[in-house]
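With UniProt numbering, the residue at position 48 of the sequence shown is 48, and numbering never jumps. Beta carbons: idealized from backbone N, C-alpha and C, even for Gly. These numbers come from a predicted model, not from an experiment.
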Amino acid sequence: MALTSTRRRASIHAHRDPVLLGVVFLGGAVGTAIRSLLGDAFAGPSGTWPWTTLSINLTGAFLLGLLLEGLVRSGEDTGGRRLVRLGVGTGVMGGYTTYSTFMVETTDLPWPMATGYVVATVVLGALLAWAGIRAAKAFVPIGGTA
């Protein structure tokens with residue numbers, strides 16, 4: 001029975017599976033709550049460098065690279081790994097990172113500062129995602145557990 005249920009669930013696209021949608025929804029609520037709490041606790045004045053949003057997006061990029069590479073190295077995208085990928089990766093990290101706030105804050109900055117903020121976010125985000133991938137490669141053996 002469990003094997004049939006697992007096979008059926010694996011054959012359903014994630015966007016059509018109510019259980020997987022629920023996992024993403026709950027993860028997104030958790031990630032958004034964390035981001036909101038951090039944003040409120042460390043809010044800076046409008047028109048100043050948005051350190052909180054930058055920090056959130058950069059840590060999110062690193063953690064997502066670490067998580068996804070660790071999951072890939074640990075086995076196929078099925079069962080618990082699929083739930084973790086969708087719940088934590090898509091849900092929590094999707095709610096935690098905030099590129100919409102990043103863009104809104106960019107419009108509140110003077111042009112030279114806004115340009116620096118965009119470049120810093122994109123370049124450092126890519127570097128930190130790469131660092132997360134490298135860290136997972138160093139610590140998660142292929143076929144190991146993540």
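Would you mind giving the Cβ-Cβ distance between residue i and residue j, rounded to the nearest angstrom? I have them listed as a contact below 8 Å.
i: residue 26; j: residue 91; result: 7 Å
i: residue 89; j: residue 64; result: 6 Å
i: residue 56; j: residue 97; result: 6 Å
i: residue 54; j: residue 121; result: 6 Å
Between the Cα of residue i and the Cα atoms of the options, which residue gives the shortest distance?
i: residue 128; options: 60, 140, 33, 24; result: 60
i: residue 221; options: 31, 135, 125, 131; result: Residue 221 lies beyond the stretch modelled for the chain, which goes from 1 to 146, so this question has no answer here.
i: residue 31; options: 78, 94, 116, 43; result: 94
i: residue 136; options: 44, 55, 67; result: 67
i: residue 134; options: 62, 43, 52; result: 62
i: residue 119; options: 103, 130, 132, 42; result: 103
i: residue 22; options: 131, 87, 82, 121; result: 87
i: residue 143; options: 116, 14, 81, 117; result: 81
i: residue 13; options: 40, 83, 39; result: 83
i: residue 19; options: 39, 138, 79; result: 79
Got a sec? Which residues, its chain only, sit under 6 Å from residue i by beta carbon, not counting five neighbours each side?
i: residue 146; result: Note that residue 146 has pLDDT 49, beneath the 50 cutoff, so the model's placement of it is unreliable and the number below is only indicative. For residue 146, where only same-chain residues beyond five positions count, the Cβ hits under 6 Å are 70, 71, 74, 140.
i: residue 76; result: none
i: residue 42; result: 52
i: residue 132; result: 62, 65, 66
i: residue 1; result: No answer about residue 1 holds up, because its pLDDT of 43 lies below 50 and its placement is not dependable.
i: residue 39; result: 52
Under 8 Å Cβ to Cβ from residue i, same chain only, skipping five residues before and after it: list those, please.
i: residue 15; result: 21
i: residue 99; result: 57
i: residue 4; result: Confidence at residue 4 is low in this model, with a pLDDT of 48, below 50, so its placement is unreliable and no value can be given for it.
i: residue 85; result: 67, 68, 71, 77
i: residue 44; result: 50, 51, 52
i: residue 130; result: 65
Ordered along the chain, which non-local residues of its own chain (more than five positions away) have a Cβ less than 7 Å from that of residue i?
i: residue 24; result: 86, 87, 90, 91
i: residue 172; result: No answer is possible for residue 172: it lies beyond the span of the chain, which begins at 1 and ends at 146.
Inset, instruction - Count the C-beta pairs between the region 92 to 108 and the region 47 to 64 that are closer than 8 Å, then say yes if the count reaches three, no if not. - result: They touch, by the three-pair rule.
Legend entry - Complete runs of the beta strand (DSSP E) confined to the region 101 to 133 [at least 3 residues]: Listed in chain order, there is nothing to give.
Legend entry - Every unbroken alpha helix (DSSP H) within the region 5 to 74, with a cutoff of 4 residues, ordered by chain: With a minimum length of 4 residues, the continuous alpha helix (DSSP H) runs that stay inside the region 5 to 74 are 18 to 41, 51 to 74.
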